[in-house]
Amino acid sequence: MARAYISPEEILEGIATKLTEGTKPAAARPSFELGKSKPYIPNKLQPDYNFLSDYYTSYSRKFYYITLLRDPVSRYLSEWRHVQRGATWKTSLHMCDGRTPTPEELPSCYEGTDWSGCTLQEFMDCPYNLANNRQVRMLADLSLVGCYNMSFIPENKRAQILLESAKKNLKDMAFFGLTEFQRKTQYLFERTFNLKFIRPFMQYNSTRAGGVEVDNDTIRRIEELNDLDMQLYDYAKDLFQQRYQYKRQLERMEQRIKNREERLLHRSNEALPKEETEEQGRLPTEDYMSHIIEKW
Numbered sequence: 322m323a324r325a326y327i328s329p330e331e332i333l334e335g336i337a338t339k340l341t342e343g344t345k346p347a348a349a350r351p352s353f354e355l356g357k358s359k360p361y362i363p364n365k366l367q368p369d370y371n372f373l374s375d376y377y378t379s380y381s382r383k384f385y386y387i388t389l390l391r392d393p394v395s396r397y398l399s400e401w402r403h404v405q406r407g408a409t410w411k412t413s414l415h416m417c418d419g420r421t422p423t424p425e426e427l428p429s430c431y432e433g434t435d436w437s438g439c440t441l442q443e444f445m446d447c448p449y450n451l452a453n454n455r456q457v458r459m460l461a462d463l464s465l466v467g468c469y470n471m472s473f474i475p476e477n478k479r480a481q482i483l484l485e486s487a488k489k490n491l492k493d494m495a496f497f498g499l500t501e502f503q504r505k506t507q508y509l510f511e512r513t514f515n516l517k518f519i520r521p522f523m524q525y526n527s528t529r530a531g532g533v534e535v536d537n538d539t540i541r542r543i544e545e546l547n548d549l550d551m552q553l554y555d556y557a558k559d560l561f562q563q564r565y566q567y568k569r570q571l572e573r574m575e576q577r578i579k580n581r582e583e584r585l586l587h588r589s590n591e592a593l594p595k596e597e598t599e600e601q602g603r604l605p606t607e608d609y610m611s612h613i614i615e616k617w
């Protein structure tokens, strides 16, 4: 496989927009639920994936599921700030098992065009807020729990099924990264897909979420609201480190093999007779070349 050199911005923007000509694919859509995911190369597109069908039909449907996870508290605060500035996902259909949820299944947290100006307390108080455990919801197969029908199965059982489904889908992905570990994420991506970025990933700790000052009680409240995401993130960090260590060990082993082959080649060259090496390195003289040209 040929090596490609691309920038971090190109791959992230490419995942989000270029590949689908303006429509963000699964891993980049904040309203997307993974559903019945097929890791690596699916045999056919699921009904919920119609928005990708034109692109993947044209390109033989050879694609991988990848995602980036984030610390749940930081992610929650970041989404609150985003919503506070007027962001909405009103156009998102939240398709599951071929249908959208009813207003009774998925009530709105606000009235009007958006939720701009909402306080963090208001954001946390809405029981229908899709920001709660968003990462688990996006990675899990919601059809296992009746989609958005909260009366389909008991809440505790529903939560456990969603968490296990999210873990399984994450484990089956060819690659996932953690925004809190940018350099390791870059290394894993490059080693997994045999690509090389032209610039190193930068670890930006001064995000909008990082600029929010919250007390310990509020942090604990956010952790409670995102308990499933917290458990998923702990699992993801452990799995991420395992994959990283495996790739590093593999790289060291490959380097040792390469070094051994180079030493063997060097020794074999040294073992050749001096006359033979000189003969191999001798170039035609100018007179000899002139004679050949004249004959020609």
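Quick note on numbering: the sequence shown equals residues 322 to 617 in our numbering.
Glycine included, each C-beta is placed from N, C-alpha and C at the ideal position.
Item: Beta carbon of F510, beta carbon of G498: below 8 Å?; Value: yes
Item: Could you tell me the boundaries of the beta strand (DSSP E) in which F497 lies?; Value: 496 to 499
Item: Between which two residues does the alpha helix (DSSP H) harbouring T388 extend?; Value: T388 -> not in any alpha helix (DSSP H); beta strand (DSSP E) instead, spanning 387 to 390.
Item: Roughly how many angstroms lie between the CA atoms of L465 and R396, to the nearest whole one?; Value: 25 Å
Item: If we ignore side chains and look at the alpha-carbon of each, how far apart do Q442 and L549 end up?; Value: 20 Å
Item: The alpha helix (DSSP H) spanning Y556 covers which residue range?; Value: 548 to 592
Item: Determine which residues share a DSSP beta bridge with C640 and list them.; Value: Examination of residue 640 is not possible in this model, given that the chain is present from 322 through 617 alone.
Item: Quick one, which of G467, Y431, I482 has its alpha-carbon nearest N450's?; Value: Y431
Item: With H, G and I counted as helix, E and B as strand and the rest as coil, what does DSSP make of K517?; Value: strand
Item: Between the Cα of K558 and those of G438, E501, V394, L463, spot the shortest distance and give me the residue it belongs to.; Value: E501
Item: Identify which residue in G467, H403, Q507 has its Cα closest to the Cα of D418.; Value: G467
Item: Suppose the cutoff is 7 Å on Cβ atoms and the five residues either side in sequence are ignored; what does the same chain contact list for R406 look like?; Value: S437
Item: Roughly how many angstroms separate the alpha carbons of T344 and C447, rounded to a whole number?; Value: With a pLDDT of only 36 at T344, under the threshold of 50, the placement of this residue in the model should not be trusted; the figure read from the coordinates follows. C-alpha separation (whole angstroms): 29 Å.
Item: Under a three-way DSSP split, which group does A337 fall into?; Value: With a pLDDT of 43 at A337, under the threshold of 50, the predicted position of this residue should be treated as unreliable, and no value is reported.
Item: Near F292, which residues of its chain fall below 6 Å by C-beta distance, leaving aside the five closest residues on each side in sequence?; Value: As shown, the chain starts at 322 and ends at 617. That puts residue 292 outside it, with no answer to give.
Item: Kindly give me the distance between the Cβ atoms of R542 and M445, rounded to whole angstroms, as I take these residues to be in contact under 8 Å.; Value: 6 Å
Item: DSSP on R479, reduced to helix/strand/coil?; Value: helix
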